[in-house]
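Trainee: In short: position in the sequence shown from 1, add 6, done, that's this note's numbering. Glycine included, each C-beta is placed from N, C-alpha and C at the ideal position. Mind looking over this structure? Questions follow.
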Amino acid sequence: MTNVKTCNRCNRTKLIEEFNKNPKMRDGRLNQCRECVREYRRQNADKLREQSRRYKEANREVILERDRQWRRTIEGRARKAFDKSNWKCRQYGKSTSLTYEDVLTEFKETKTCPYCNTALGMEPGKQKPTLEHIYSLNKDLGGVNNVVNILAVCEACNHKKGDMHVYNYYQSSDKFTDELWERFIDKSVRRLVSGEVTERRVRQFEAGMKIEADKPWHQSVKGNKGSEAS
Ligand SMILES: [Zn+2]
Ligand SMILES: [Zn+2]
7 MTNVKTCNRC NRTKLIEEFN KNPKMRDGRL NQCRECVREY RRQNADKLRE QSRRYKEANR
67 EVILERDRQW RRTIEGRARK AFDKSNWKCR QYGKSTSLTY EDVLTEFKET KTCPYCNTAL
127 GMEPGKQKPT LEHIYSLNKD LGGVNNVVNI LAVCEACNHK KGDMHVYNYY QSSDKFTDEL
187 WERFIDKSVR RLVSGEVTER RVRQFEAGMK IEADKPWHQS VKGNKGSEAS
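Here is the structure:
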């Protein structure tokens with residue numbers, strides 16, 4: 007195997023890594039080097055944009071169907087939720103440290119909704135996971151887009167909770183049982199605290215949640231009546 011190749015545009019011989027991969031080529035790499043490809047794209051930006059627009063127009067149905075299929079997979083669903091959270095961060099001028107892998111892992115590992123215990127999954131008969139931010143991204147109340155602030159929950163809970171504080175949602179929902187609340191607290195502490203999760207830490211965390219939920223801002227938020235939850 008040779009590890010160099012000569013670009014048929016600039017005629018320079020370069021390391022193979024300088025050529026983009028392409029499975030259609032015999033050696034698996036394009037015949038033009040990355041630099042030349044970049045240059046070509048720069049010079050033909052308008053033409054390429056127009057081509058892509060025309061392709062999308064001509065293949066609208068195919069693309070839509072492919073998108074629908076993709077969204078039926080857990081990967082597609084996680085990607086869509088992740089993109090939406092980033093979009094919200096941009097809207098609200100928030101930084102983000104969440105990754106697509108964080109969302110995918112949460113979606114895959116969560117087998118039941120932590121707020122109501124309904125079965126979650128992509129299989130028929132189960133509720134599809136949605137991305138919940140424990141502290142809503144919607145308002146300036148400190149809700150951040152990071153791995154400790156997310157859960158996979160069912161759509162109904164996500165929608166009903168809206169911007170509510172999670173403790174208030176627990177208080178207001180019949181399906182959010184004491185057992186689920188304990189499980190939620192335990193998971194939260196595990197994610198936030200390194201080292202041993204003691205009963206004392208769990209109770210401290212819970213007490214903090216109650217104090218927080220009592221604050222006037224949280225009291226004024228009575229769940230979601232229309233707008234889409236985060
Ligand atoms: Zn070249
Ligand atoms: Zn639920």
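(1) Pick helix, strand or coil for L36, following the three-state DSSP scheme.
(2) According to DSSP, is H139 part of a helix, a strand, or is it coil?
(3) Along the chain, where does the beta strand (DSSP E) that runs through A162 open and close?
(4) Return the chain-ordered ranges of every alpha helix (DSSP H) run that is complete within the stretch 22-70 and spans a minimum of 4 residues.
(5) Under a criterion of Cβ closer than 6 Å to any non-hydrogen atom of ligand 2, which residues qualify, in chain order?
(6) Quick one: residues with CB closer than 5 Å to any heavy atom of ligand 1, in chain order, please.
(7) In terms of DSSP beta bridges, what is K3 paired with?
(8) Taking the alpha helix (DSSP H) that P222 belongs to, which residues open and close that run?
(9) State the Cα-Cα distance for the pair N9 and E45, rounded to the nearest angstrom.
(10) By Cβ distance, which residues of its chain are closer than 7 Å to K86, with the 5 residues on each side in sequence left out?
Mentor: Let me lay it out:
(1) coil
(2) strand
(3) A162 -> not in any beta strand (DSSP E); alpha helix (DSSP H) instead, spanning E161 to K167.
(4) 40-49 and 51-64
(5) C119, Y121, C122, T124, V159, C160, A162 and C163
(6) C13, R15, C16, C39 and C42
(7) Any question about residue 3 goes unanswered here, given that the chain covers just 7 to 236.
(8) P222 to S226
(9) 23 Å
(10) R77
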